[in-house]
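Engineer: Chains as they are written, first to last, in the working numbering: chain A, 32 to 562; chain B, 47 to 418.
Beta carbons: idealized from backbone N, C-alpha and C, even for Gly.
Nothing here was measured: the structure is a model prediction, and the numbers come from that model.
(1) With DSSP as the reference, label residue 363(A) as helix, strand or coil.
(2) Assuming residue 248(B) contacts residue 156(B) (C-beta within less than 8 Å), just tell me the rounded distance between them.
(3) Considering only the beta carbon of each residue, do residue 4(A) and residue 335(A) sit closer than 8 Å?
(4) If I measure Cβ to Cβ from residue 417(A) and keep anything under 7 Å in the same chain, skipping five residues before and after, which residues do I get?
(5) How far does the alpha helix (DSSP H) with residue 57(A) in it reach, from first residue to last?
(6) Would you kindly work out how many angstroms separate the C-alpha atoms of residue 213(A) and residue 239(A), rounded to a whole number?
(7) List the residues of chain B that residue 360(A) touches, going by C-beta distances under 7 Å, in chain order.
(8) In the DSSP assignment, find the unbroken beta strand (DSSP E) run with residue 83(A) in it and report its ends.
(9) With DSSP collapsed to three states, give me the class of residue 56(B).
(10) Express the C-alpha separation of residue 90(B) and residue 253(B) in angstroms, rounding to a whole number.
(11) I need the straight-line Cα distance from residue 536(A) to residue 371(B), nearest angstrom please.
(12) Please list the residues of the region 424-443 of chain A that have a C-beta atom closer than 7 Å to any C-beta atom in chain D, keeping them in chain order.
(13) Which residues, taken in chain order from the region 389-416 of chain A, show a beta carbon closer than 7 Å to some beta carbon of chain B?
(14) Quick one: grab the DSSP three-state call for residue 208(A).
(15) In chain A, which residues lie less than 7 Å from residue 268(B) when you measure between Cβ atoms?
(16) Could you give the uninterrupted runs of the beta strand (DSSP E) lying entirely in the region 109-183 of chain B, keeping only those of 3 residues or more?
(17) Is any beta-carbon of chain B found at less than 8 Å from that of residue 226(A)?
(18) Can you give me the C-alpha to C-alpha distance between residue 152(A) and residue 232(A), rounded to a whole angstrom?
(19) Is the beta carbon of residue 84(A) less than 8 Å from the beta carbon of residue 225(A)?
(20) Check the Cβ of residue 381(A) against every Cβ in chain B and list those closer than 7 Å, keeping chain order.
(21) Grab me the residues of residue 143(B)'s own chain with a C-beta within less than 8 Å of its C-beta, minus the 5 sequence neighbours each way, in chain order.
(22) Taking 8 Å as the limit between beta carbons, can you name the residues of its chain near residue 281(B), skipping five residues before and five after?
(23) Any C-beta of chain B sitting closer than 8 Å to the C-beta of residue 490(A)?
(24) Using only alpha-carbon positions, find the residue among 104(B), 364(B), 245(B) that is nearest to residue 76(B).
(25) Please list the partners that residue 509(A) has in chain B, where partner means a Cβ-to-Cβ separation under 8 Å.
(26) Mind pulling the chain A residues with CB within less than 8 Å of residue 312(B)?
(27) Secondary structure at residue 264(B), three-state DSSP: helix, strand or coil?
(28) Kindly list the residues whose CB is nearer than 6 Å to the CB of residue 342(B), restricted to its own chain and excluding five residues on each side of it in sequence; keep chain order.
(29) On the CB-based measure, 16 or more other CB atoms within 10 Å of its CB, does residue 63(A) come out buried or exposed?
(30) Going by Cα to Cα distance, which pick from 198(A), 322(A), 278(A) is closest to residue 309(A)?
(31) Can you check DSSP and say which residues form a bridge with residue 249(B)?
(32) Please list, in chain order, all residues of the same chain as residue 399(B) whose beta carbon is under 7 Å from its beta carbon, the five residues on each side excluded.
(33) At the 8 Å Cβ level, is residue 343(B) part of the contact set with chain A, yes or no?
(34) Within the continuous beta strand (DSSP E) that includes residue 389(A), where are the two ends?
(35) Could you check which residue in 409(A), 289(A), 196(A) has the C-alpha nearest to that of residue 170(A)?
(36) Classify residue 127(B): buried if its beta carbon has 16 or more other beta carbons within 10 angstroms, exposed otherwise.
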């Protein structure tokens with residue numbers, strides 16, 4: 032409670048450190064775009080993706096199996112470049128009416144990349160090896176910054192002419208070249224190789240696969256993207272009209288890719304593409320209004336979505352079934368994230384709350400109250416270790432949330448404190464409200480009545496509340512996201528500023544501490560931990 | 047103007063709601079404060095229905111019987127029965143009446159839309175109460191549009207006691223009135239003194255980068271009375287330290303929230319506009335209701351926003367956003383446009399001074415479950 036009091040008087044200075052039980056977090060450095068440029072930022076809120084680019088196979092041929100598989104795939108990528116140089120259609124981006132001009136330019140770029148793909152590239156050879164990068168969008172530009180450098184300016188800017196980049200995702204486990212996805216305000220989606228972008232000296236996206244070109248399949252804004260963990264190049268793209276598409280990056284986007292119009296906007300319905308050549312492979316109509324966020328569980332089994340209608344929905348991805356879900360206290364939900372063990376899901380939304388969802392209980396088990404405005408980013412800290420070793424079952428979690436109140440809040444969740452009393456109240460393990468009749472089964476595979484799967488909003492009095500262990504105003508502008516890395520917490524605001532808050536135990540090591548970091552970001556759910 | 051209309055009709059196509067009229071209102075020189083509030087109230091459907099009903103019972107009023115309600119009813123009837131679906135109407139008689147009645151609004155200066163809303167609602171209450179009394183005292187008309195809270199009981203009581211009655215509950219009360227309870231807890235004897243007061247709208251202090259929920263929470267936060275400002279406890283029979291808080295005891299059907307964007311700055315000895323970014327959701331629940339308040343979990347839906355455009359309190363412009371049949375419309379005096387739901391967020395306010403100047407000023411929420 033006392034933490035909340037510090038909140039939001041008119042622009043007091045942001046303190047460069049904050050205290051937690053494990054020590055003091057310090058503002059290590061900031062990343063931002065070049066000042067002086069004026070962006071139409073109202074149109075696109077900055078989002079941040081942390082990309083862990085793995086070492087290339089050629090330099091160190093004898094390491095892990097994943098690099099070996101990467102080696103075989105380089106050939107494939109090269110082939111595809113050659114192939115697509117003939118079939119320029121898939122690669123030209125920037126709008127149909129300028130295809131001629133662009134495709135000419137494109138051919139040139141492709142050639143440059145073919146060259147650089149084999150020998151170490153011309154422009155920036157040092158970006159060829161492993162590294163950690165921060166990718167963030169501001170206005171019509173996608174910036175890439177080196178996580179290991181304290182330099183404020185990005186190392187690369189990619190400018191789009193056909194709309195604003197809205198969202199992006201990176202696949203650290205990618206088996207062939209394309210590992211970075213970019214979703215546009217026009218609905219267009221690109222997949223590219225991050226390494227190729229870094230090697231190219233220009234300001235345009237190079238060697239891209241272009242999906243939903245000019246919004247032909249769906250012209251509403253692409254709001255969120257995610258690679259399917261262990262999905263062999265499958266990824267999903269969510270749109271502001273409540274549809275989600277499943278794509279395969281290894282498929283050319285040809286064939287009849289049209290889908291029948293949505294008849295019942297409130298009903299969940301999956302439609303597979305009529306042609307086997309089509310990419311997207313399927314359309315999932317999820318909800319009325321925008322899908323605001325999505326996240327896969329680390330094992331790739333479950334997909335969680337949140338949206339304008341205020342519902343969290345959890346699907347079994349492979350079987351395309353809606354498993355469970357529930358409504359916010361009120362208003363839209365804006366973001367969601369899984370715990371590393373896929374047991375809990377966080378949501379944040381317009382009710383100023385972080386809700387903790389239990390997959391086991393299939394209900395909300397706690398509210399994290401403390402933000403003074405909408406909650407725009409949530410994440411579990413997968414690198415955090417509980418101070419005492421008492422909880423052998425790993426029933427303690429650390430998570431963070433950021434909001435439009437410009438604050439970062441950290442929370443400790445101890446399951447014996449929260450869940451146990453709740454279960455005692457409801458031995459059946461089902462919803463404490465139970466007003467929805469059919470949702471009472473607490474077995475995974477026993478859901479018959481699909482309409483009863485989604486739970487109504489919780490009653491305020493019935494939900495256990497958490498208080499933050501720290502609340503710190505980290506930016507001057509409303510925040511849009513946070514990511515935990517091994518050595519820091521990264522926060523990003525609407526206007527394109529990224530701050531790196533070094534963890535207490537990593538500060539002595541300085542910048543080099545980050546270098547050995549090849550762990551995966553929690554946000555993308557790509558942690559190796561399996562259920 | 048005709049072009050505007052057809053454009054809007056084209057934009058809506060066959061989705062143009064049956065029987066609905068979207069008319070801009072002419073500006074008679076700084077009367078946008080009035081126009082913006084009128085549009086918000088017109089698209090408050092239960093309010094509009096009551097006004098239209100009143101209008102249908104009071105068709106031709108003479109010059110002498112004219113009041114703000116008859117003028118409002120005349121205007122609403124005029125809009126509602128237009129042959130065309132879109133266009134512009136001059137709310138001449140209504141504006142003249144406002145100016146005639148209240149010298150505050152007589153000048154051509156920029157006026158405060160919230161002050162106007164407040165004045166209008168209170169004046170309507172006065173008119174309806176007066177009419178209720180007349181009809182209770184043997185007046186002939188059953189058509190004044192009054193709905194007594196406890197029906198005939200209240201009326202007959204009033205009749206018997208010669209007009210000395212329980213407070214009359216007009217339909218304006220039924221729509222807009224809520225109750226606050228002011229609880230003071232003596233820190234010495236722990237006795238809680240509760241005092242209730244009614245409201246037609248709530249005025250909220252605002253903070254930079256906050257939400258309406260947070261403003262409501264602050265509205266009801268606990269205040270400690272001590273030092274110079276002690277509380278006289280009836281039980282202790284002395285001045286004591288106490289804790290005071292204000293909670294919503296009865297949630298209204300229509301929740302009008304006024305953001306206090308015009309703040310008196312003592313150092314400057316004048317009012318200053320706060321352009322703070324205050325986010326307001328399309329659906330809302332009240333977090334500051336008393337524990338036993340009926341409908342404390344009731345959900346509200348945003349249906350209108352009066353927006354102040356400009357950087358200062360003494361000048362600028364008012365426009366309104368209105369939700370009608372699941373479409374959002376933008377009313378700027380004569381002009382009416384359809385806008386996307388997502389455009390509502392461009393009126394939250396600004397994180398830096400002077401960066402944009404269109405700020406949500408009065409929010410109108412309607413309760414989704416009907417009060418029985």
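Structural biologist: Let me lay it out:
(1) Here residue 363(A) refers to the residue found at position 332 of the first chain. Three-state DSSP puts residue 363(A) in coil, outside helix and strand.
(2) Taking the first residue of the second chain as position 1, residue 248(B) is located at position 202. Taking the first residue of the second chain as position 1, residue 156(B) is located at position 110. In fact, because the Cβ distance is near 24 Å, the residues do not count as touching under 8 Å.
(3) Examination of residue 4(A) is not possible in this model, given that chain A is present from 32 through 562 alone.
(4) As a position in the first chain, residue 417(A) is number 386, starting the count at 1. Cβ within range, chain order: 427.
(5) For the purposes of this step, residue 57(A) is taken as the residue at position 26 of the first chain. Careful: residue 57(A) lies outside any alpha helix (DSSP H), inside the beta strand (DSSP E) at 54-62.
(6) Position 182 of the first chain, counting from 1, holds the residue named residue 213(A). Position 208 of the first chain, counting from 1, holds the residue named residue 239(A). For residue 213(A) and residue 239(A), the distance between alpha carbons rounds to 10 Å.
(7) The count along the first chain starts at 1 and reaches residue 360(A) at position 329. Those within 7 Å of residue 360(A) in chain B are 331.
(8) Within the first chain, numbered from 1, the residue matching residue 83(A) stands at position 52. Its beta strand (DSSP E) spans residues 79-84.
(9) The sequence position of residue 56(B) within the second chain is 10, counting from 1. Note: residue 56(B) maps to helix in three-state DSSP.
(10) If you number the second chain from 1, residue 253(B) lands on position 207. If you number the second chain from 1, residue 90(B) lands on position 44. Residue 253(B) and residue 90(B): Cα-Cα distance of roughly 28 Å.
(11) Along the first chain, one-based indexing puts residue 536(A) at 505. Along the second chain, one-based indexing puts residue 371(B) at 325. Near 56 Å, if we compare the C-alpha coordinates of residue 371(B) and residue 536(A).
(12) As a matter of chain content, chain D is missing from the structure shown, whose protein chains are A and B.
(13) 403, 404, 405
(14) In the first chain, residue 208(A) corresponds to position 177, counting from 1. Three-state result, residue 208(A): coil.
(15) Numbered from its first residue, the second chain carries residue 268(B) at position 222. Here the premise fails: no neighbours, minimum Cβ distance about 11 Å.
(16) 132-135
(17) Position 195 of the first chain, counted from the start, is the residue given in the question as residue 226(A). Answer no: the Cβ-Cβ gap between residue 226(A) and chain B never drops below 8 Å.
(18) One-based indexing of the first chain puts residue 152(A) at position 121. One-based indexing of the first chain puts residue 232(A) at position 201. Low confidence applies to residue 152(A): its pLDDT is 35, below 50, so where it sits in the model is not reliable enough to give any reading.
(19) Here residue 84(A) refers to the residue found at position 53 of the first chain. Here residue 225(A) refers to the residue found at position 194 of the first chain. A contact, by the Cβ cut-off of 8 Å.
(20) If you number the first chain from 1, residue 381(A) lands on position 350. Within chain B, 327 have C-beta atoms less than 7 Å from the C-beta of residue 381(A), given in sequence order.
(21) Looking up residue 143(B) in the second chain gives position 97. Excluding sequence neighbours, residue 143(B) sits near 112, 113, 114, 117.
(22) On the second chain, residue 281(B) is found 235 positions in, with the first residue counted as 1. These residues qualify, in order along the chain: 232, 235, 237.
(23) For this step, residue 490(A) is matched to residue 459 along the first chain. For residue 490(A), the answer is yes, since a Cβ of chain B falls inside 8 Å of its Cβ.
(24) Counting from 1 along the second chain, the entry for residue 76(B) is found at position 30. Closest option to residue 76(B), Cα to Cα, is 364(B).
(25) The residue labelled residue 509(A) in the question sits at position 478 within the first chain. Chain B residues near residue 509(A): 255, 323, 397.
(26) As a working mapping, residue 312(B) is identified with position 266 in the second chain. Residues of chain A passing the Cβ test: none, with the nearest at roughly 16 Å.
(27) Locating residue 264(B) in the second chain gives position 218, where the first residue counts as 1. Reduced to three states, the DSSP call for residue 264(B) is helix.
(28) Here residue 342(B) corresponds to residue number 296 of the second chain, with the count starting at 1. So the qualifying residues of the chain are 335.
(29) Reading the first chain from its first residue, position 32 is the one you call residue 63(A). Counting Cβ neighbours within 10 Å, residue 63(A) comes out buried, since at least 16 surround it.
(30) Within the first chain, residue 309(A) is the residue found at index 278, counting from 1. Comparing Cα positions, the closest option is 278(A).
(31) Sequence index remark: in the second chain, residue 249(B) carries index 203 (1-based). The partner list for residue 249(B) (beta bridge, DSSP) reads 304(B).
(32) Position 353 of the second chain, counting from 1, holds the residue named residue 399(B). In chain order, 321 place their CB closer than 7 Å to the CB of residue 399(B), counting only its own chain and leaving out the 5 sequence neighbours on each side.
(33) For the purposes of this step, residue 343(B) is taken as residue 297 along the second chain, with counting starting at 1. Chain A contact via Cβ: present.
(34) For the purposes of this step, residue 389(A) is identified with residue 358 of the first chain, where counting begins at 1. Here the beta strand (DSSP E) through residue 389(A) covers 384-389.
(35) Position 139 of the first chain, counted from the first residue, corresponds to residue 170(A). Ranking 409(A), 289(A), 196(A) by Cα distance to residue 170(A) puts 196(A) first.
(36) Position 81 of the second chain, counting from 1, holds the residue named residue 127(B). Exposed.
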